[in-house]
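Q: The numbering used here puts the sequence shown at residues 1086 to 1378.
Note that the Cβ used here is the ideal one computed from N, Cα and C, for glycine as well.
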Amino acid sequence: MNFQTDAAGALLSTDLPLPKRTGKVRDVYDLGDELLVVSTDRISAFDWILPVGIAGKGELLTRLSRFWFTLLDFPNHLVSVDLPLGRLEGIDAEPLRGRSMVVRKAQVVPFECVVRGYLEGSGWQEYQQNGAVCGVSLPAGLRQCEALPEPIFTPATKAEHGHDENVSYEWMAQQIGEDLAGRLRTASLEIYRQAAEHARGRGLIIADTKFEFGLVDGELILVDEVLTPDSSRFWAADEYEPGHAQRSFDKQFVREWLSRSDWDRNSPPPALPAEIIAKTQAKYREAYERLTQ
Ligand SMILES: Nc1ncnc2c1ncn2[C@@H]1O[C@H](COP(=O)(O)OP(=O)(O)O)[C@@H](O)[C@H]1O
Ligand SMILES: [Mg+2]
1086 MNFQTDAAGA
1096 LLSTDLPLPK
1106 RTGKVRDVYD
1116 LGDELLVVST
1126 DRISAFDWIL
1136 PVGIAGKGEL
1146 LTRLSRFWFT
1156 LLDFPNHLVS
1166 VDLPLGRLEG
1176 IDAEPLRGRS
1186 MVVRKAQVVP
1196 FECVVRGYLE
1206 GSGWQEYQQN
1216 GAVCGVSLPA
1226 GLRQCEALPE
1236 PIFTPATKAE
1246 HGHDENVSYE
1256 WMAQQIGEDL
1266 AGRLRTASLE
1276 IYRQAAEHAR
1286 GRGLIIADTK
1296 FEFGLVDGEL
1306 ILVDEVLTPD
1316 SSRFWAADEY
1326 EPGHAQRSFD
1336 KQFVREWLSR
1346 SDWDRNSPPP
1356 ALPAEIIAKT
1366 QAKYREAYER
1376 LTQ
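1) When you compare the segment 1112-1130 with the segment 1266-1281, are there three or more beta-carbon pairs, one atom per stretch, that lie closer than 8 Å?
2) Can you tell me the Cα-Cα spacing of PRO1327 and LEU1204, whole angstroms?
3) Does the pairing of the segment 1287-1298 with the segment 1338-1354 give three or more beta-carbon distances under 8 Å?
4) Can you find the residues in the same chain that come closer than 7 Å, C-beta to C-beta, to VAL1301, ignoring five residues on each side of it along the sequence?
5) Would LEU1162 be called buried (16 or more neighbouring beta carbons within 10 Å of its own) or exposed?
6) If you draw a straight line from the alpha carbon of VAL1221 to that of GLY1208, how long is it in whole angstroms?
7) To the nearest angstrom, report how far apart THR1090 and SER1098 are at their CA atoms.
8) Would you report the Cα separation of PHE1196 and ALA1241, rounded to the nearest angstrom?
9) Could you have a look at PHE1159 and say whether DSSP puts it in helix, strand or coil?
10) Measuring from the CB of HIS1248, is there a heavy atom of ligand 1 at a distance below 6 Å?
11) Can you list, in chain order, the stretches of the beta strand (DSSP E) that have 3 or more residues and sit fully within the segment 1182-1210?
12) Given a cut-off of 7 Å, decide if TRP1342 and ILE1362 are closer than it, judged by their beta-carbon atoms.
13) For PHE1088, which residues does DSSP report across the bridge?
14) Any chance the segment 1311-1319 sits against the segment 1150-1159, with 3 or more Cβ pairs inside 8 Å?
15) So for ARG1228, helix, strand or coil by DSSP?
16) Since PRO1169 contacts VAL1187 with CB under 8 Å, what's their CB separation in whole angstroms?
17) Going by the CB atoms, is the gap between ALA1130 and GLY1094 shorter than 7 Å?
18) What would DSSP say about THR1242, mapped onto helix, strand or coil?
19) In three-state terms, what does DSSP make of TRP1348?
20) Taking only three categories from DSSP, how would you classify LYS1105?
21) Three-state secondary structure (DSSP) at PRO1169?
22) Nearest by alpha-carbon distance to TYR1277: which of ARG1127, ASP1264, PHE1238 and MET1257 is it?
23) Would you say LYS1105 touches ligand 1, meaning its beta carbon is less than 6 Å from a heavy atom?
24) Report all residues for which the CB-ligand distance to some heavy atom of ligand 1 is below 7 Å; order them along the chain.
25) So, is ASN1251 buried or exposed, given that buried needs 16 or more other C-beta atoms within 10 angstroms?
26) With a floor of 3 residues, list each beta strand (DSSP E) that falls wholly inside the segment 1301-1347, ordered by position along the chain.
27) Starting from LEU1274, trace the alpha helix (DSSP H) in both directions and tell me its first and last residue.
28) Considering only residues of the same chain and omitting the five flanking positions on each side of GLN1366, which have a CB-CB separation below 8 Å?
29) Taking the CB atoms as reference points, tell me whether CYS1198 and PHE1296 lie closer together than 7 Å.
What follows is the structure, encoded as structure tokens:
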């Protein structure tokens, strides 16, 4: 077994002697009918994984997802956050403690289930072009980051490489069937409602978020991570003001720094300065603390 860390101690990759799949952030090991999902400290931006990590990020993402899985009234994949020591005999897996989840292995629905309560990101881009987002037409005259009349379900394809692509609900329903598509839309909007209400009580707005669902024996369950700064836009409610971009609790500093650098986005990205790493760590921690305390 092997654990690769960067100079600042961020965990970049793991290598247990088990069948493995590597995502952008997570290393996923096959335990048979269950999976061991390890959140590393990797961070991606502009579809690239950066050469340095954000130490502690994997643990915060794991703790936050676990918090939501417990709070939300919807079935999910989490079995345990304890290391499955019985299945790791002879393996020193201690560095994975706190950042691992044993989950039910699901057949993952090949769509990102995005819910938007506010107009930002690719939704704002689309709206400016055609007054609609993923085929949902919206009132004219909305400003950047404006609250939508009601939250909307705007699915996207899960691209193996590169950008996810926004699609209409109708197109999704053609691919996976009206019944499953309808269940996904209803579930996504309901989970967003529950989460947004909780966050609002903690002074945070969940502008939008992305869920992944899977099927286990016909049962629809939430999989992957939920409602973290990697999958959601969180804004401070007391600073919220539509008409321009908001300060967000995610990789904003990373994206801004990369945009100012001379990186061309077609070659491996540069390492982040320590100051940007520290600011990003603080943002992830603040989101976690505000939502859970
Ligand atoms: N319960 C589950 N069953 C099967 N696959 C899962 C489950 N939970 C998460 N996954 C998959 O594990 C991977 C997690 O790694 P991640 O780094 O988040 O990947 P990505 O680069 O696709 O975002 C994703 O491909 C996700 O679909
Ligand atoms: Mg993911």
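A: Put simply:
1) no
2) By one-based count along the sequence shown, residue 1327 stands at place 242. By one-based count along the sequence shown, residue 1204 stands at place 119. Cα to Cα, the separation comes out at about 9 Å.
3) no
4) Counted from its first residue, the sequence shown places residue 1301 at position 216. Contacts found: ARG1189 and ALA1191.
5) Counting from one through the sequence shown, the residue named residue 1162 turns up at place 77. For the record, residue 1162 in the displayed sequence is His; it is not Leu. Label assigned to HIS1162: buried.
6) Translated into positions along the sequence shown, residue 1221 becomes position 136. Translated into positions along the sequence shown, residue 1208 becomes position 123. Rounded to whole angstroms, VAL1221 to GLY1208 spans 10 Å at the Cα level.
7) Within the sequence shown, numbered from 1, the residue matching residue 1090 stands at position 5. Within the sequence shown, numbered from 1, the residue matching residue 1098 stands at position 13. If I take the Cα positions, the gap works out to 7 Å.
8) Residue 1196 sits at position 111 when you count from the first residue of the sequence shown. Residue 1241 sits at position 156 when you count from the first residue of the sequence shown. Taking the straight line joining both Cα atoms gives about 6 Å.
9) Counted from its first residue, the sequence shown places residue 1159 at position 74. DSSP places PHE1159 in coil when its eight states are reduced to three.
10) Stepping through the sequence shown from its first residue, residue 1248 is reached at position 163. Flag unset: Cβ of HIS1248 not near ligand 1.
11) 1185-1189 and 1196-1203
12) Taking the sequence shown and counting its residues from 1, one reaches residue 1362 at position 277. Taking the sequence shown and counting its residues from 1, one reaches residue 1342 at position 257. Taking 7 Å as the Cβ cut-off, ILE1362 and TRP1342 do not qualify as a contacting pair.
13) Against the sequence shown, residue 1088 aligns to sequence position 3. THR1099, per the DSSP bridge assignment.
14) yes
15) Reading the sequence shown from its first residue, position 143 is the one you call residue 1228. The answer is coil: DSSP assigns ARG1228 none of H, G, I, E or B.
16) Within the sequence shown, numbered from 1, the residue matching residue 1169 stands at position 84. Within the sequence shown, numbered from 1, the residue matching residue 1187 stands at position 102. The Cβ separation is near 5 Å, so the contact holds.
17) Reading the sequence shown from its first residue, position 9 is the one you call residue 1094. Reading the sequence shown from its first residue, position 45 is the one you call residue 1130. Going by C-beta atoms, GLY1094 is not nearer than 7 Å to ALA1130.
18) The residue you call residue 1242 lines up with position 157 of the sequence shown. Note: THR1242 maps to strand in three-state DSSP.
19) Taking the first residue of the sequence shown as 1, we reach residue 1348 at position 263. If DSSP states are grouped into helix, strand and coil, TRP1348 belongs with coil.
20) For this step, residue 1105 is matched to residue 20 along the sequence shown. Note: LYS1105 maps to strand in three-state DSSP.
21) In the sequence shown, the residue the question calls residue 1169 occupies position 84. Reduced to three states, the DSSP call for PRO1169 is coil.
22) In the sequence shown, the residue the question calls residue 1277 occupies position 192. Checking every option, the nearest Cα to that of TYR1277 belongs to PHE1238.
23) By one-based count along the sequence shown, residue 1105 stands at place 20. No, the Cβ of LYS1105 stays beyond 6 Å of every heavy atom of ligand 1.
24) ARG1106, GLY1108, LYS1109, VAL1110, ARG1111, VAL1113, LEU1120, VAL1122, HIS1162, VAL1188, ARG1189, LYS1190, ALA1191, VAL1193, LYS1243, GLU1297, GLY1299, VAL1308, ASP1309 and GLU1310
25) Counting from 1 along the sequence shown, the entry for residue 1251 is found at position 166. Looking at its Cβ environment, which holds 16 or more other Cβ atoms inside 10 Å, ASN1251 is buried.
26) 1304-1308 and 1317-1321
27) Taking the first residue of the sequence shown as position 1, residue 1274 is located at position 189. Note, LEU1274: alpha helix (DSSP H), 1263-1286.
28) Translated into the one-based positions of the sequence shown, residue 1366 becomes position 281. For GLN1366, where only same-chain residues beyond five positions count, the Cβ hits under 8 Å are ILE1139, ALA1140, GLY1141 and LYS1142.
29) In the sequence shown, the residue the question calls residue 1198 occupies position 113. In the sequence shown, the residue the question calls residue 1296 occupies position 211. Taking 7 Å as the Cβ cut-off, CYS1198 and PHE1296 qualify as a contacting pair.
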